[in-house]
Every structure is written in structure tokens, then in C-alpha cells.
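Visitor: Following this message is one structure expressed as C-alpha cells.
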Amino acid sequence: MSKVYVFDHPLIQHKLTYIRSKETGTKEFRELVDEVAALMAYEITRDLPLQEVEVETPLAKCKSYLLAGKKIGLVPILRAGLGMVDGILKLIPAAKVGHIGLYRDPDTLEPVEYYVKLPSDIEERDFIVIDPMLATGGSAVAAIHSLKKRGASNIKLMCLIAAPEGIERMQKEHPDVDIYVASVDEKLNEKGYIIPGLGDAGDRLFGTK
Ligand code: URA
Numbered sequence: 003m004s005k006v007y008v009f010d011h012p013l014i015q016h017k018l019t020y021i022r023s024k025e026t027g028t029k030e031f032r033e034l035v036d037e038v039a040a041l042m043a044y045e046i047t048r049d050l051p052l053q054e055v056e057v058e059t060p061l062a063k064c065k066s067y068l069l070a071g072k073k074i075g076l077v078p079i080l081r082a083g084l085g086m087v088d089g090i091l092k093l094i095p096a097a098k099v100g101h102i103g104l105y106r107d108p109d110t111l112e113p114v115e116y117y118v119k120l121p122s123d124i125e126e127r128d129f130i131v132i133d134p135m136l137a138t139g140g141s142a143v144a145a146i147h148s149l150k151k152r153g154a155s156n157i158k159l160m161c162l163i164a165a166p167e168g169i170e171r172m173q174k175e176h177p178d179v180d181i182y183v184a185s186v187d188e189k190l191n192e193k194g195y196i197i198p199g200l201g202d203a204g205d206r207l208f209g210t211k
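Residue 44 in our numbering is what sits at position 42 of the sequence shown, and the numbering runs on without skipping anything.
Structure below.
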């Protein structure tokens, strides 16, 4: 069973409050999501393996550390996932960024892939899939299936807010993928929105409606 890590860092929780507020306009919403994404990247990379190296300072040689594991790939799910990419890249600037676009088939209600572009060296990377709102979990589950089908094995899911329903579905379908989130909210409403949530993340990021 995968783990769910809820980031209770005071800065993340403080900024999340403004992100939730209906009074927060597009510009500020975008900036806050960017900042929270960077803070979450700091936390999500806590367990990256290190290797010991020797470095020569202007004064002496010493042992020091460099990242030792696989390189990182980010995969935002279009379109709201885009809002968290730049924040994460501030901390992991060498990460490659793939994209997965999905829409919901109006008849089956199942997600259908309409765009997939991933780094060519998938096997050499650990992936962070970015889906700000883990609602029913349909998109995240499908995007991760798509990544695994193409050879990815070590995957984490980063969200801003998750509903218990989405977490349950993810854990059932991808028990190997840990979930990193700023808040687990109460429930989904009948339209699939997270309550209390923040509304439509894509619309709020891009000023559409
Ligand atoms: N997607 C959103 O943007 N918001 C929700 O509440 C659920 C899904």
C-alpha cells in the first residue's frame, strides 16, 4: 500500500489558505501555486540518495555530497499541472518535463489520452507526476498507467489537494506510487469537485471560466 504524505509545513499551509480563498485573483493564485510547488519539491526530494565526493575549497580538501540517484522527470497532467512546474524547476532545474493530456469521454466518463510527450530516456529517470487536484483520481491513475506502459518504474504523485475518494482509487490501482499533498479535504461533490477545495484549478490558474 502506498503512503500519503501531507505536508504540514507552516509556509505551505499559510499559502494554501490564500490559494483556497475565492478573493484571490489569477495573478496572486498563480504566484502562490508556484511558491507552494517549490516548497513541496523541497519536501518531496528529501529522500533522494547522495554519494560522497571530495571537493577542494579555496582552503582545504573535504568530503561532500552530490545527488547519486536517477535523474528526475516531471510530468504535469494538462492543464492545471502546468501551474506547478516552474516552482519545482526552481529547485530541480535539470529535470526534464514530459506532458500528458487527458479528457473525459462524455459517454463512458473514462479519461482518454489526447497528448503524450515524454523524455526519451524514461528508464533512466524517476518521475514526479503533477496533478494539483486529486478528485476522482481518474486522470492521475490513467497518466501513471501511461507512464508505466512506456517504461517508468519509480513514480511519485504530487498534488495540492486530494479527496479521500481519489486517494483510495490511486492506492488501489497504483499501490507502489506514494502521494504527496498539502491537504486531504472532506469529499467530492456530485460534480466531482473537491469540497472545500479551491474551485477549478485550471480556470483559476489561467483566468478562464
Ligand atoms: N479539478 C479541479 O480543478 N477542482 C476540483 O475540485 C476537482 C477537480
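In this text, a Cβ means the ideal position worked out from N, Cα and C, and glycines have one as well.
(1) Write down every uninterrupted run of the alpha helix (DSSP H) in the stretch 20-100 whose length is 4 residues or greater and which is fully enclosed by it, in chain order.
(2) When you compare the CB positions of Val-186 and Val-8, do they come within less than 8 Å of one another, or not?
(3) Suppose the cutoff is 7 Å on Cβ atoms and the five residues either side in sequence are ignored; what does the same chain contact list for Arg-152 look like?
(4) With C-beta atoms as the reference, is Pro-95 less than 8 Å away from Ala-70?
(5) Does the beta-carbon of Ser-148 have 16 or more other beta-carbons within 10 angstroms, so that it is buried, or is it exposed?
(6) Below 7 Å, is the gap between the Cβ of Met-172 and the nearest heavy atom of the ligand URA?
(7) Compute the Euclidean distance between the alpha carbons of Pro-108 and Arg-48, then round it to the nearest angstrom.
(8) Just checking Ile-14 against the ligand GDP - is the residue's beta carbon closer than 7 Å to any of the ligand's heavy atoms?
(9) Since Ile-132 contacts Val-77 with CB under 8 Å, what's their CB separation in whole angstroms?
(10) Which residue comes first and which comes last in the beta strand (DSSP E) that contains Lys-119?
Guide: According to the structure shown:
(1) 28-46, 87-93
(2) yes
(3) Leu-120, Ile-124
(4) no
(5) buried
(6) no
(7) 40 Å
(8) Questions concerning the ligand GDP fall outside what the structure shown contains, since the ligands it does hold are the ligand URA.
(9) 7 Å
(10) 113-119
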